[in-house]
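These notes are about the structure you will find just below.
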Amino acid sequence: MISKQWQQGLSFIQSNKDASFSFLFYGFGLLGMLLSDLYVSSNFSTSATAEWAFFKSTILIVSTICLLGFDQLFVRDQTLIKRYFKSFLGYCAIIISTVVLIIFFIKDYSYTKVGLLGLAIFLMAIQNYISAASRGNYRLWKAQFSANFWKLLIFITILTIPNIDTIHYFIVVLVFTVSTGLLLGGFKKVSDQFASKEYLDTKTARLMGISFLLHNLTLVVAIYGEQFLINLFGAEVASSHLFKYVAVFTPIALSLNGFLGFYLGPKIRIKNTMDLNGYKKFGIRIFLFSIGVVTVSFVFGLIYMRTILDIGWQELDYWIISCLFVITMVRGLYIATSVCLGVFGTKKFLQKAASYTWLATIGYLLGIVAILFIYKGVVAAELICLATLINWILRLAVSNTFTIKTFKTRVIG
Numbered sequence: 010m011i012s013k014q015w016q017q018g019l020s021f022i023q024s025n026k027d028a029s030f031s032f033l034f035y036g037f038g039l040l041g042m043l044l045s046d047l048y049v050s051s052n053f054s055t056s057a058t059a060e061w062a063f064f065k066s067t068i069l070i071v072s073t074i075c076l077l078g079f080d081q082l083f084v085r086d087q088t089l090i091k092r093y094f095k096s097f098l099g100y101c102a103i104i105i106s107t108v109v110l111i112i113f114f115i116k117d118y119s120y121t122k123v124g125l126l127g128l129a130i131f132l133m134a135i136q137n138y139i140s141a142a143s144r145g146n147y148r149l150w151k152a153q154f155s156a157n158f159w160k161l162l163i164f165i166t167i168l169t170i171p172n173i174d175t176i177h178y179f180i181v182v183l184v185f186t187v188s189t190g191l192l193l194g195g196f197k198k199v200s201d202q203f204a205s206k207e208y209l210d211t212k213t214a215r216l217m218g219i220s221f222l223l224h225n226l227t228l229v230v231a232i233y234g235e236q237f238l239i240n241l242f243g244a245e246v247a248s249s250h251l252f253k254y255v256a257v258f259t260p261i262a263l264s265l266n267g268f269l270g271f272y273l274g275p276k277i278r279i280k281n282t283m284d285l286n287g288y289k290k291f292g293i294r295i296f297l298f299s300i301g302v303v304t305v306s307f308v309f310g311l312i313y314m315r316t317i318l319d320i321g322w323q324e325l326d327y328w329i330i331s332c333l334f335v336i337t338m339v340r341g342l343y344i345a346t347s348v349c350l351g352v353f354g355t356k357k358f359l360q361k362a363a364s365y366t367w368l369a370t371i372g373y374l375l376g377i378v379a380i381l382f383i384y385k386g387v388v389a390a391e392l393i394c395l396a397t398l399i400n401w402i403l404r405l406a407v408s409n410t411f412t413i414k415t416f417k418t419r420v421i422g
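Numbering-wise, the numbering used here puts 153 at position 144 of the sequence shown, and it's gapless, one number per residue.
Laid out in structure tokens, this is it:
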């Protein structure tokens with residue numbers, strides 16, 4: 010009996026090994042970033058916590074810009090993986106040089122620290138390229154290794170190599186994970202089983218890539234932009250206070266919802282039978298899933314605040330907790346719209362969605378700047394959290410509107 014069950018278990022794992030290992034690496038990433046952020050918020054000084062949040066947000070935002078939206082196109086046309094690589098390196102050099110130069114004059118960092126920050130951004134951009142290429146080739150576990158395993162390694166590095174500059178943690182880990190990702194070869198030619206059914210010429214790919222970039226950049230800015238701006242303004246108390254609550258309450262729910270978006274995109278594309286009714290049912294399933302994971306995430310957050318950080322009930326910032334709860338729910342719902350729009354959206358709808366989302370994002374960024382000019386400390390953190398909530402609600406409304414329009418005009422072939 011045991012032998013038969015064991016064989017059945019092995020058979021199941023083998024038939025689902027890509028999904029299983031994908032989830033395993035995603036889980037490692039979830040755990041690593043959760044533990045890293047919790048450790049930083051609990052053990053680093055206010056200044057060091059703010060610097061951690063700044064480096065993390067800068068690296069993730071700028072490395073995303075370097076891809077110029079082509080990471081989304083690799084699922085549609087795998088031949089772009091090799092065709093675009095040289096251009097990608099050139100864009101990286103221009104974008105990273107521009108950003109680090111601006112940071113050098115604003116933050117007054119040393120040449121060494123600015124140079125290391127630029128190197129970290131470049132390594133993360135290469136890692137993102139490898140991950141996107143692996144995902145485009147339907148080698149999902151290799152994609153997840155590049156996308157998320159570094160998050161566990163950076164926590165291990167923080168514990169084993171204490172008392173070094175924050176930027177060195179990113180450099181050490183990214184050098185290792187980029188090297189390993191290259192050796193895994195998930196970016197290599199796809200098998201005939203998943204060969205491209207769509208060929209995008211360079212001009213079309215560039216225009217669609219820009220649309221994806223504009224759309225995806227608003228997503229990255231919505232996630233990390235507030236910490237980037239807060240630290241550019243030197244508001245360390247606001248940065249540290251907001252970072253602590255985000256780190257404690259949201260990672261479990263956001264990471265699990267993020268994995269759904271990563272995993273379901275290629276699956277929906279292969280099946281290619283999604284219609285408007287299917288989209289609505291898909292959204293309901295995502296909503297129900299989000300209720301469960303958000304509840305678990307926030308219960309964990311309350312327990313951690315009360316027991317590990319020893320914060321009394323009267324000391325908790327219930328305004329930020331409430332805003333973060335709604336934000337996390339909205340971001341869960343956003344998964345259904347963004348996945349379907351990304352996979353099936355036409356160039357016209359992608360461009361319109363990106364345009365409206367950018368309007369919301371620009372308003373959001375200007376709102377943060379205004380808040381930082383007028384308010385300081387905890388009050389600034391609370392108002393920025395409210396601005397983030399409004400931004401996510403607007404993002405969801407725009408994405409859902411154009412996803413519905415996509416399915417109303419889509420013909421299933």
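We treat Cβ as the ideally placed atom computed from N, Cα and C, and that holds for glycine. For clarity, every value in this text was computed on a predicted model and none was experimentally measured.
- For I105, the secondary structure class from DSSP, reduced to helix, strand or coil, is helix.
- Here L405 has V339, L342, Y343, T346 as same chain residues with Cβ atoms under 7 Å from its own Cβ, once five neighbours each way along the sequence are excluded.
- Distance from T366 to T227 at the Cβ level is roughly 5 Å; contact confirmed, criterion being Cβ atoms closer than 8 Å.
- Taken in chain order, the complete alpha helix (DSSP H) segments of 4 residues or longer contained in the stretch 278-324 are 285-316.
- Contact annotation: the stretch 326-337 touches the stretch 379-399, with at least three C-beta pairs closer than 8 Å.
- DSSP places Y118 in no alpha helix (DSSP H); its state is neither H nor E.
- Between L76 and A141, the C-beta spacing is below 8 Å.
- Here the alpha carbons of C101 and A57 stand approximately 28 Å from one another.
- Rounded to whole angstroms, the gap between the alpha carbons of I112 and W159 is 25 Å.
- Linking T259 to L44 through their CA atoms gives a straight-line distance of about 12 Å.
- Contact check between the stretch 168-181 and the stretch 29-40: fewer than three CB pairs, one atom from each, fall below 8 Å, which does not count as touching.
- For F334, the uninterrupted alpha helix (DSSP H) segment begins and ends at 327-353.
- Contact between the stretch 247-263 and the stretch 294-314 is present: 3 or more CB-CB pairs across the two stretches fall below 8 Å.
- Taken in chain order, the complete alpha helix (DSSP H) segments of 4 or more residues contained in the stretch 131-175 are 149-169.
- Counting along the chain, the unbroken alpha helix (DSSP H) around K91 starts and ends at 89-92.
- Taking all protein chains shown into account, L161 has 16 or more neighbouring C-beta atoms within 10 Å of its C-beta and is therefore buried.
- By the C-beta criterion, the stretch 371-378 is judged to be in contact with the stretch 232-244, since at least 3 inter-stretch pairs fall below 8 Å.
- In the structure shown, K385 falls within a coil segment according to DSSP collapsed to helix, strand and coil.
- Going by beta carbons, T412 and L350 fall inside the 8 Å limit.
- In this structure the stretch 118-127 does not touch the stretch 239-252; the number of beta carbon pairs closer than 8 Å is below three.
- Where F83 is concerned, there is no enclosing alpha helix (DSSP H), because DSSP gives it neither an H nor an E.
- Of the residues F309, V255, T55, I74, the one whose Cα lies closest to the Cα of T397 is V255.
- A straight-line Cα-Cα distance of about 17 Å links S119 and I130.
- Within 10 angstroms of the beta-carbon of N286 lie fewer than 16 other beta-carbons, which makes it exposed.
- DSSP, reduced to helix, strand and coil, places T415 within a helical segment of the structure shown.
- Annotation: L183 to M133 spans about 7 Å, alpha carbon to alpha carbon.
- Contact between V246 and T55 is confirmed by a C-beta separation of about 6 Å, below the 8 Å threshold.
- Under the three-state reduction of DSSP output, L403 falls in the helix class.
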